[in-house]
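Here the structure comes first, spelled out in C-alpha cells, and everything after it is commentary.
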Amino acid sequence: MAEAAGATPLLTGLPDEITISEILVRLPPKPLLRCRAVSPAWRRATSTRDFLLSHHARQSALPLLYSHNDVADGGQSLDVTLFDHRAGVAAADQFQRVARLKTAPLEGGIDGSFTPLFYPVASCDGLLLLSIDCDLCICNPATRQYAPLEQLDGFMTVGLYPHPPTGLPRRGLGFQVSG
1 MAEAAGATPL LTGLPDEITI SEILVRLPPK PLLRCRAVSP AWRRATSTRD FLLSHHARQS
61 ALPLLYSHND VADGGQSLDV TLFDHRAGVA AADQFQRVAR LKTAPLEGGI DGSFTPLFYP
121 VASCDGLLLL SIDCDLCICN PATRQYAPLE QLDGFMTVGL YPHPPTGLPR RGLGFQVSG
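What the sequence shown shows, in UniProt numbering, is residues 1 to 179, in sequence order.
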C-alpha cells in the first residue's frame, strides 16, 4: 500500500496491512498512544475508524472506578481507574488509571469559591458520559478530548449504548411522568 503510493512503509520489510492489523491493533491502549507519536503515518494509520473499532473489539470490558480528590489549586480531580479483576493479573497491575480530569475553582461559594463536581453517568466503547453541574459532556480519556452535549428539556440521560448499524455511541434518554 505505502510502497505503491511512493510513501514510506510503517515498518520496513512488512506490508502496512500486517503492521496495522496484526501488530498495532494488539497493543494495549497506553503503548498504542505512545506509538502514535512515532510518525505522522503511524498516527494516521491508528486514527481510522476501522482501526479504532478493531482495537476496541480486542479490549476486554472491565469495571471502572472513580473517586474525587482535592488538588493544590483548590479545584477537584476525578480519577477514573480500570479495575482488572481477571485471574492471573498481578495485584500491582489490577488498578490502572484511565484518566485524571480536573476542574478549577470558580467564584461564588461560601469562602468566595466553589468547585463544580463532575460524575461519570455512563460509559460505552471507551467514552465517558460526564455530568458537570447538570450539564453533560462526552469525554474520550485516551485522547483527552471532550464535547458538551445539548440537554433536552424534560428528559434525562439514562445510559450510553452502541448504535448497531453505525457502531457509534448513542445516548439513551428517559423522562419522568408527573402525575
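Yeah, the Cβ is synthetic: ideal placement off N, Cα and C, and Gly gets one too. Bear in mind the structure is a predicted one, so any value in this text is a computation, not a measurement.
Span separating the alpha-carbon of residue i from that of residue j
i, j, result
"Gly-13", "Pro-40", "19 angstroms"
"Val-71", "Glu-17", "45 angstroms"
"Leu-82", "Phe-95", "6 angstroms"
"Ala-87", "Thr-48", "33 angstroms"
"Pro-31", "Phe-51", "15 angstroms"
"Gly-75", "Arg-44", "36 angstroms"
"Lys-102", "Pro-148", "16 angstroms"
"Pro-120", "Pro-29", "20 angstroms"
Residue i burial status per 10 Å Cβ neighbour count (16 or more: buried)
i, result
"Ile-23", "exposed"
"Ser-67", "exposed"
"Phe-118", "buried"
"Gln-176", "Note that Gln-176 scores 47 on pLDDT, short of 50, meaning its location in the model is unreliable and no value can be drawn from it."
"Thr-19", "buried"
Check whether residue i and residue j have beta carbons under 8 angstroms apart
i, j, result
"Cys-137", "Leu-130", "yes"
"Asp-84", "Leu-64", "no"
Neighbourhood of residue i by C-beta, 7 angstroms cutoff - its chain only, sequence neighbours within 5 removed
i, result
"Asp-79", "Tyr-66, Ser-67, Asn-69, Arg-97 and Arg-100"
"Asp-93", "Asp-84"
"Ala-91", "none"
Helix, strand or coil at residue i [DSSP, three-state]
i, result
"Leu-33", "helix"
"Thr-120", "According to the sequence shown, residue 120 is Pro rather than Thr. In this structure, Pro-120 counts as strand in the three-state DSSP scheme."
"Val-25", "helix"
"Ser-39", "coil"
"Thr-19", "helix"
"Asp-135", "strand"
"Asp-70", "strand"
"Leu-62", "coil"
Sequence-distant residues of the same chain with beta carbon closer than 8 angstroms to residue i, five excluded per side
i, result
"Cys-35", "Leu-24, Leu-27, Trp-42 and Thr-46"
Residues near residue i by beta carbon distance below 6 angstroms, same chain, minus five either side
i, result
"Cys-139", "Leu-128, Leu-130 and Tyr-146"
"Ser-77", "Asn-69, Val-71, Arg-100 and Lys-102"
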